[in-house]
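Worksheet: the structure to be examined is printed underneath.
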Amino acid sequence: QSVACPTLAAALDCRYISARKEERLRIAEFLKGPTDFPNVAKDQIIEDLEASLYSAKVCSYAQGLALIKAASDANGWGVNLSECARLWKGGCIIRAKLLDKIQAAFDNDEDLSNLMADPTFAAELNGKQLSWRRIATLCIASGLPLPAICASLNYFDTFRRENLPANLTQAQRDFFGGHTYERTDKEGVFHTAWTDAHKDIGDINERKQGENVQK
2 QSVACPTLAA
12 ALDCRYISAR
22 KEERLRIAEF
32 LKGPTDFPNV
42 AKDQIIEDLE
52 ASLYSAKVCS
62 YAQGLALIKA
72 ASDANGWGVN
82 LSECARLWKG
92 GCIIRAKLLD
102 KIQAAFDNDE
112 DLSNLMADPT
122 FAAELNGKQL
132 SWRRIATLCI
142 ASGLPLPAIC
152 ASLNYFDTFR
162 RENLPANLTQ
172 AQRDFFGGHT
182 YERTDKEGVF
192 HTAWTDAHKD
202 IGDINERKQG
212 ENVQK
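Numbering (the working numbering), first residue to last: 2 to 216.
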């Protein structure tokens with residue numbers, strides 16, 4: 002079972018790149034960042050950073066716990082995620098106050114698939130997202146890497162969307178291999194003659210008449 006853990010992956014990637022200092026110094030001679038920086042209030046930055054860090058932490062816990070749950074379900078381990086949070090508070094280097102809220106979330110719903118679906122955490126993330134977005138925008142505009150916080154924001158945005166840009170993959174596959182695509186406005190399987198070279202593939206939808214299309 003696939004489990005997306007972009008914040009965890011970003012943290013590891015950042016550590017790997019950080020370790021390659023000599024290479025970074027060489028490349029920095031060729032790659033230049035922006036020279037104009039946004040004017041922002043210091044107090045606002047501090048407040049926004051706190052909100053962004055908290056939100057990213059929630060997402061990192063959500064991903065790690067989702068990974069543990071998936072492994073437990075696949076192997077029949079029966080891991081109790083509420084108990085994990087309790088044990089981490091007392092016998093682990095983490096020992097974060099956030100674990101109290103995480104434990105409560107899984108006590109309230111032992112089948113909780115993702116921490117972001119807990120009403121308390123969802124409300125907090127929704128309330129902090131403007132600060133989160135301001136920090137991401139500021140760092141991008143300033144040329145400052147912020148891999149884990151930005152990955153967490155993308156994770157949040159991806160989960161809150163019904164439709165994702167990955168739908169475009171169908172169009173790309175149809176273009177290079179005539180693999181067809183489905184549409185949101187009508188039933189069926191379709192092919193587009195994107196160029197003259199595609200016209201000999203024909204109308205896939207006509208050939209698929211009567212077939213059941215799995216949505």
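Where is the CB? At the ideal position from N, CA and C, for every residue including glycine.
From the listed residues ALA11, THR121, TYR156, SER132, the smallest Cα separation to GLU51 is found for SER132. Taking all protein chains shown into account, ILE94 has fewer than 16 neighbouring C-beta atoms within 10 Å of its C-beta and is therefore exposed. At a cut-off of 4 residues, the continuous stretches assigned as alpha helix (DSSP H) that sit fully inside the region 23-109 are 43-76, 82-92, 99-109.
Per the C-alpha coordinates, the member of VAL4, THR181, PHE191, GLU84 positioned closest to ALA67 is VAL4.
For ALA124, the enclosing alpha helix (DSSP H) stretches over residues 120-143.
For the pair PHE107 and LEU145, the CB atoms are not nearer than the 9 angstroms cut-off. Cβ atoms of ASN155 and PRO7 come within 8 angstroms of each other, at about 6 angstroms.
Bridge pairing for TYR182: PHE191 [DSSP]. Under the three-state reduction of DSSP, GLN2 is assigned to coil, being neither helix nor strand. Cα atoms of ARG184 and VAL80: separation of roughly 40 angstroms, rounded to the nearest angstrom.
For ARG135 and SER56, the gap between their C-alpha atoms comes out near 13 angstroms.
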